[in-house]
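Encoded as structure tokens, the structure appears first; notes follow it.
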Amino acid sequence: MPQHVRGVVAHSKGEPVRVETIVVPDPGPGEVVVSVQACGVCHTDLHYRQGGINDDFPFLLGHEAAGIVESVGAGVSEVAPGDFVILNWRAVCGRCRACRRGRPQYCFDTHNAKQKMTLLDGAELSPALGIGAFAEKTLVAAGQCTKVDPAASPAAAGLLGCGVMAGIGAAINTGGVGRGDTVAVIGCGGVGDAAVAGSRLAGAATIIAIDLDERKLATARTLGATHTVNAKETDPVEAVRELTGGHGADVVIEAVGRPETYRQAFYARDLAGTVVLVGVPTPEMKLELPLLDVFGRGGALKSSWYGDCLPSRDFPMLVDLYLQGRLDLNAFVTETISLDDIEAAFARMDQGDVLRSVVIL
1 MPQHVRGVVA HSKGEPVRVE TIVVPDPGPG EVVVSVQACG VCHTDLHYRQ GGINDDFPFL
61 LGHEAAGIVE SVGAGVSEVA PGDFVILNWR AVCGRCRACR RGRPQYCFDT HNAKQKMTLL
121 DGAELSPALG IGAFAEKTLV AAGQCTKVDP AASPAAAGLL GCGVMAGIGA AINTGGVGRG
181 DTVAVIGCGG VGDAAVAGSR LAGAATIIAI DLDERKLATA RTLGATHTVN AKETDPVEAV
241 RELTGGHGAD VVIEAVGRPE TYRQAFYARD LAGTVVLVGV PTPEMKLELP LLDVFGRGGA
301 LKSSWYGDCL PSRDFPMLVD LYLQGRLDLN AFVTETISLD DIEAAFARMD QGDVLRSVVI
361 L
């Protein structure tokens, strides 16, 4: 029988969200109903509410989530009722050209649940990133569920579902940070700080965190930054060169998504170094670089999609590192809140007051 649960819905561009009753259908073939335990408040949810993603209102917000599988549809073998899972928004198809070449982390045909959750009046909801986890229960594709060790805190583990994975993956998977490398991270929000933590996990010798906010730089130091640069006071390119023997960093991770900071990343890297763009730009942004500099400096200019992660591989590994005390996911949880506190959490996030607010259900 369909279930009625509480969820956070954005009805129109820029309007405050509302907690409403939503209808969650029984899972169909290949689908799963998950009882959500925790869900992080991500900038992407705010972008949905502001109409910055698309205009498919009404949206059921929330996507950085962990919970318990409640029921499964026909043909589901990946998970079973009672499993503790992290939700992801890139369920791989296994059939596209990327998957067939053994690169499922680049899957070009990721998918979501086929059925729609609705409001009581039958209006179909668009779940954020195909998840919609600011709700007591949600319907997703089975491939969007990754089983992990249930000893993990749901509030911490759920953050791997988006921002923390994006940052760690940008460093390890996309940037290929290795032992002894020098790394600079521009932008120390949740994704940037995760890139700092990922660089530390990978064994980088020098990790330079760059931001305009001293509070964020202080947090970056606790997560592994060996040096910090306040870009309000110091030219970040010159600072990175000074801290790397005049050469520039082996890997520079841009976690802001702006042309100005991308140029800084480009010129702050060493010859043959790597730039990783994980910050998300807006459609109107343009980048201009001298083509001779692109050629002459060599190396690689990369974009990182979801940290180039493969959830089935990366989520269990990172949860294990967390449980071993080698990855402090708890440090990303600034506060825990209820479904009714989402609007206030958006305001705190916009002002830079939190790393992550996490809804506990």
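The sequence shown maps to residues 1 to 361 in UniProt numbering.
For glycine and all other residues, C-beta sits at the position ideal for the given N, C-alpha and C.
These numbers come from a predicted model, not from an experiment.
(request) Apply the 10 Å Cβ neighbour rule to MET349 and answer buried if 16 or more other Cβ atoms are within range, or exposed otherwise. (result) Within the sequence shown, residue 349 is the residue found at index 349, counting from 1. Classification of MET349: buried, given that the 10 Å Cβ count is 16 or more.
(request) Might you give, ordered along the chain, the residues of its own chain that have their beta carbon closer than 6 Å to the beta carbon of GLY203, omitting 5 neighbours on each side? (result) As a first step, residue 203 is located in the sequence shown; it is residue number 203 there, counting from the start. For GLY203, the CB contacts under 6 Å within the same chain, skipping 5 residues up- and downstream, are ARG179 in chain order.
(request) Please classify GLU343: does DSSP put it in a helix, a strand, or coil? (result) Here residue 343 refers to the residue found at position 343 of the sequence shown. DSSP places GLU343 in the helix class (H, G or I) of the three-state scheme.
(request) Quick one: grab the DSSP three-state call for ILE168. (result) Within the sequence shown, numbered from 1, the residue matching residue 168 stands at position 168. In the structure shown, ILE168 sits in a helix (DSSP, three-state: H, G or I).
(request) Consult DSSP for HIS11 and reduce its assignment to one of helix, strand or coil. (result) Locating residue 11 in the sequence shown gives position 11, counting from the first residue. Coil, per DSSP.
(message) Less than 8 Å between the C-beta atoms of ALA156 and VAL333, yes or no?
(response) Stepping through the sequence shown from its first residue, residue 156 is reached at position 156. Stepping through the sequence shown from its first residue, residue 333 is reached at position 333. Yes, they are a contact pair.
(message) Measuring alpha carbon to alpha carbon, tell me which residue in VAL19, ASN54, GLU20, LEU201 is nearest PRO283.
(response) Start at 1 with the first residue of the sequence shown, and residue 283 comes out as number 283. Comparing Cα positions, the closest option is ASN54.
(request) Return the CA-CA distance between residue 365 and VAL72, expressed in angstroms with no decimal places. (result) Given a span of 1 to 361 for the chain in the structure shown, any question on residue 365 remains unanswerable.
(request) Would you list the one or two residues that DSSP bridges to GLY40? (result) Here residue 40 is taken as the residue at index 40 of the sequence shown, counted from 1. BP columns for GLY40 point to GLU64, VAL358.
(request) Indicate the three-state DSSP secondary structure (helix, strand or coil) for PHE108 in the structure shown. (result) Within the sequence shown, numbered from 1, the residue matching residue 108 stands at position 108. Three-state result, PHE108: coil.
(request) Rank ALA74, LEU87, PRO58 by C-alpha distance to the C-alpha of ASP314 and give the top, closest one. (result) Here residue 314 refers to the residue found at position 314 when the sequence shown is read from its first residue. It is LEU87.
(message) Using 8 Å as the threshold, is the C-beta distance between LEU139 and PRO27 below it?
(response) Here residue 139 refers to the residue found at position 139 when the sequence shown is read from its first residue. Here residue 27 refers to the residue found at position 27 when the sequence shown is read from its first residue. In this structure, LEU139 lies near PRO27, with their beta-carbon atoms less than 8 Å apart.
(request) Determine the direct distance from the alpha carbon of GLY52 to that of GLN264, and round the result to whole angstroms. (result) The count along the sequence shown starts at 1 and reaches residue 264 at position 264. The count along the sequence shown starts at 1 and reaches residue 52 at position 52. GLN264 and GLY52 have their C-alpha atoms roughly 26 Å apart.
(request) Tell me whether the beta-carbon of VAL240 lies closer than 8 Å to the beta-carbon of ILE208. (result) Translated into positions along the sequence shown, residue 240 becomes position 240. Translated into positions along the sequence shown, residue 208 becomes position 208. In contact: VAL240 and ILE208 (Cβ atoms closer than 8 Å).
(request) Compute the Euclidean distance between the alpha carbons of residue 372 and PHE346, then round it to the nearest angstrom. (result) Limits of the chain in this structure are 1 at one end and 361 at the other, which puts residue 372 out of reach.
(message) Check this for me: beta carbons of LEU60 and VAL9, under 8 Å apart or not?
(response) The count along the sequence shown starts at 1 and reaches residue 60 at position 60. The count along the sequence shown starts at 1 and reaches residue 9 at position 9. In this structure, VAL9 lies closer than 8 Å to LEU60 by Cβ.
(request) Would you kindly check if the distance between the Cβ of ALA91 and the Cβ of ALA141 is under 8 Å? (result) Mapped onto the sequence shown, residue 141 falls at position 141. Mapped onto the sequence shown, residue 91 falls at position 91. Contact flag set, yes.
(request) With distances taken Cα to Cα, identify the nearest neighbour of THR226 among ASP235, GLU238, ARG269, ASP181. (result) Residue mapping note: residue 226 aligns to position 226 of the sequence shown, counting from 1. Answer by Cα proximity: ASP181.
(message) By the DSSP assignment, the beta strand (DSSP E) with SER303 in it spans what residues?
(response) Reading the sequence shown from its first residue, position 303 is the one you call residue 303. Membership of SER303 in the beta strand (DSSP E) is indicated by the continuous run 300 to 303.
(request) Compute the beta-carbon to beta-carbon distance between residue 370 and ALA255, rounded to the nearest angstrom, for a pair I have assumed lies under 8 Å. (result) Residue coverage of the chain in this structure runs from 1 to 361, which leaves residue 370 outside it and unanswerable.
(request) Output the boundary residues of the alpha helix (DSSP H) element that contains ALA202. (result) The residue you call residue 202 lines up with position 202 of the sequence shown. For ALA202, the enclosing alpha helix (DSSP H) starts and ends at 190 to 202.
(message) I want to know whether the region 217 to 226 touches the region 287 to 296 - three or more CB-CB distances under 8 Å.
(response) Cβ pair count under 8 Å is below three, so no.
(request) Could you say which of PRO236, ASP353, MET117 lies nearest to GLN3 if we only look at CA atoms? (result) Stepping through the sequence shown from its first residue, residue 3 is reached at position 3. The residue with the shortest Cα to Cα distance from GLN3 is MET117.
(request) Would you give the residue range spanned by the alpha helix (DSSP H) that VAL237 belongs to? (result) The residue labelled residue 237 in the question sits at position 237 within the sequence shown. That run of the alpha helix (DSSP H) goes 236 to 243.
(message) If you follow the alpha helix (DSSP H) that LYS216 is in, where does it begin and where does it stop?
(response) The residue you call residue 216 lines up with position 216 of the sequence shown. Start and end: 214 to 222.
(request) At 4 residues or longer, and completely inside the region 87 to 163: list those alpha helix (DSSP H) runs for me, N to C. (result) Those alpha helix (DSSP H) runs which fall completely within the region 87 to 163 and span 4+ residues are 97 to 100, 154 to 157.
(message) Rounded to the nearest angstrom, what separates GLY190 and VAL164 at their Cα positions?
(response) Locating residue 190 in the sequence shown gives position 190, counting from the first residue. Locating residue 164 in the sequence shown gives position 164, counting from the first residue. Rounded to whole angstroms, the separation of the alpha carbons of VAL164 and GLY190 is 7 Å.
(request) With DSSP collapsed to three states, give me the class of GLU20. (result) Along the sequence shown, one-based indexing puts residue 20 at 20. Of the three classes helix, strand and coil, the one that applies to GLU20 here is strand, per DSSP.
(request) State the DSSP-derived secondary structure class of ASN230, mapped to helix, strand or coil. (result) Walking along the sequence shown from the start, residue 230 turns up at place 230. Looking at ASN230 - three-state DSSP - the assignment turns out to be strand.
(message) Give me the residue from GLN351, ILE342, ASP353 with the minimum Cα distance to LEU361.
(response) As a position in the sequence shown, residue 361 is number 361, starting the count at 1. Nearest option by C-alpha distance: ILE342.
(message) Measuring alpha carbon to alpha carbon, tell me which residue in GLY158, LEU339, THR44 is nearest ARG18.
(response) In the sequence shown, residue 18 corresponds to position 18, counting from 1. Here the closest residue by C-alpha is LEU339.
(message) Counting C-beta neighbours from all protein chains within 10 Å, is the total for LYS114 16 or more, i.e. buried, or is it exposed?
(response) Taking the first residue of the sequence shown as position 1, residue 114 is located at position 114. Around the beta carbon of LYS114, a 10 Å sphere encloses fewer than 16 other beta carbons of the protein chains shown; the residue is thus reported as exposed.
(message) For the beta strand (DSSP E) containing THR261, name the first residue and the last one.
(response) Counted from its first residue, the sequence shown places residue 261 at position 261. For THR261, there is no enclosing beta strand (DSSP E); the enclosing alpha helix (DSSP H) has its first and last residue at 259 to 268.
(message) Pull the bridge partners of VAL34 from the DSSP assignment, please.
(response) The residue given as residue 34 occupies position 34 in the sequence shown. In DSSP, VAL34 forms a bridge with VAL69, THR138.
(message) Please identify the residue among ARG326, LEU277, PRO316, PRO311 whose C-alpha is closest to the C-alpha of LYS302.
(response) Walking along the sequence shown from the start, residue 302 turns up at place 302. For LYS302, the nearest C-alpha among the options comes from LEU277.
(request) Find out if the Cβ-Cβ distance for the pair THR206, THR174 is shorter than 8 Å. (result) To locate residue 206, count along the sequence shown from 1; it is residue 206. To locate residue 174, count along the sequence shown from 1; it is residue 174. No, they are not a contact pair.
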